[in-house]
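Numbering (the UniProt record's numbering), first residue to last: 1 to 94.
Ideal Cβ positions, reconstructed from N, Cα and C, are used throughout, including at glycine.
As structure tokens, the structure follows; a few thoughts come after it.
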């Protein structure tokens, strides 16, 4: 069964998400930005979510994590919780 590890940053608006993405693409550390800006409790761990399987996260999040490029900052991804920047840190398909 597929499984993945990812970290994310959750913010209330798409504009916030785009601003943070530009900061990270400009050289800011993802984990530091997550600690400073994420509205999710995982922000305290630099946005790290640990390992999870398909179906454990909301649909929109799952779709990105199990199809997106590993190591790139993906998003904004809109879910019922807000807007996410997602970085897939690892994924196995078996």
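Notebook entry, point to check: Leaving out the 5 sequence neighbours to the left and right, which residues in its chain are closer than 8 Å to residue 68 when beta-carbon positions are compared?
Noted result: For the purposes of this step, residue 68 is identified with residue 68 of the chain shown, where counting begins at 1. Same-chain partners within the cutoff: 74, 86, 88.
Next item on the list: Mark residue 53 as exposed unless 16 or more other C-beta atoms lie within 10 angstroms of its C-beta, in which case mark it buried.
Entry: In the chain shown, counting from the first residue as 1, residue 53 sits at position 53. By the neighbour-count rule (16 or more Cβ atoms within 10 Å), residue 53 is not buried but exposed.
Checklist line | Inside the UniProt domain "PpiC" (1-90) only - beta strand (DSSP E) runs reaching at least 3 residues | finding: 3-11, 48-52, 73-79
Margin query: For a quick check, are the C-beta atoms of residue 50 and residue 31 less than 8 Å apart?
Written below: Within the chain shown, the letter at position 50 stands for residue 50. Within the chain shown, the letter at position 31 stands for residue 31. Cβ atoms of residue 50 and residue 31: not closer than 8 Å.
Item checked: Buried versus exposed call for residue 38 [16 or more other C-beta atoms within 10 Å across all chains shown] -> Counting from 1 along the chain shown, the entry for residue 38 is found at position 38. It counts as buried.
Margin query: Is the beta carbon of residue 34 closer than 8 Å to that of residue 9?
Written below: For this step, residue 9 is matched to residue 9 along the chain shown. For this step, residue 34 is matched to residue 34 along the chain shown. Yes, the Cβ-Cβ distance between residue 9 and residue 34 is below 8 Å.
Check: Looking at C-alpha atoms only, which residue of 56, 13, 26, 6 is the closest neighbour of residue 78?
Finding: What you label residue 78 is simply residue 78 of the chain shown in a count that begins at 1. For residue 78, the nearest C-alpha among the options comes from 13.
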